[in-house]
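Engineer: Sharing a structure, written as structure tokens. Questions coming.
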Amino acid sequence: MEARMKFGDNPEKFLESEVDLDEEIRKLQAVTATPDLYPELVKLGAIPTLATLLSHENGDIVAAVIELLRDLTDSDAVEELEDEAKVLVEAMVGSNMLELLVHRLGSLDERNAAEDKAVFDTLAVFENMIELDPNVATQVVGRTKAAEVDHGAHQTQGV
1 MEARMKFGDN PEKFLESEVD LDEEIRKLQA VTATPDLYPE LVKLGAIPTL
51 ATLLSHENGD IVAAVIELLR DLTDSDAVEE LEDEAKVLVE AMVGSNMLEL
101 LVHRLGSLDE RNAAEDKAVF DTLAVFENMI ELDPNVATQV VGRTKAAEVD
151 HGAHQTQGV
């Protein structure tokens, strides 16, 4: 993000760093195959970093993070390691991930294929988190503006 801010008018200067960032996010997909490492992922501070990336200007970066979160919370992947998954969900809630996901959900444009997938993935993250910890449902309603997100509005703007 630093390179983007410094060279905002010259995308060639920050494009390489964003491609590298996208690759690093995708490398984290390997952790989804080993949920027993989730507590370590939390200890290393990865969750606040991923939360920060939900505010990135590059929609591809945001979509990659949301896809990773979907896979990390997938109930099929963590079915025998629910305690480890709950550590992850607690860290996500503690990092304001719910609010950030709802905010991002409101800004995604379903006319764009990648962003449309990110909408689906965001909803899957909520579903997965609630499946792992039903108390998350109360927090989504109580702490976020999820009920106010009108996704259809994005499809009619400028038409």
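For the sequence shown, the UniProt record's numbering assigns the number 1 to the initial residue and increments by one for each residue that follows. From the three backbone atoms N, C-alpha and C, an ideal C-beta is built for every residue, glycine too.
1) Tell me which residues share the same chain as P48 and place their Cβ nearer than 6 Å to its Cβ, disregarding the 5 neighbours each side in the sequence.
2) Going along the chain, which unbroken runs of the alpha helix (DSSP H) with 4 or more residues stay wholly within the segment 40 to 118?
3) Around the Cβ of N128, are there at least 16 other Cβ atoms within 10 angstroms (buried) or fewer (exposed)?
4) Between L81, T34, D71 and H56, which lies nearest to S107 when the distance is taken from Cα to Cα?
5) Does the distance from the CB of V119 to the CB of L105 come in under 9 Å?
6) Do you know whose CA, among L132, E18, I130 and T138, lies nearest E64's CA?
7) In or out: D20 buried (at least 16 other Cβ within 10 Å) or exposed?
8) If you draw a straight line from the C-alpha of K43 to the C-alpha of E84, how long is it?
Structural biologist: Straight from the coordinates:
1) S95
2) 46 to 53, 59 to 73, 75 to 78, 82 to 94 and 97 to 107
3) buried
4) H56
5) yes
6) Per the sequence shown, residue 64 should be read as Ala rather than Glu. Of L132, E18, I130 and T138, the residue nearest in Cα terms is E18.
7) exposed
8) 12 Å
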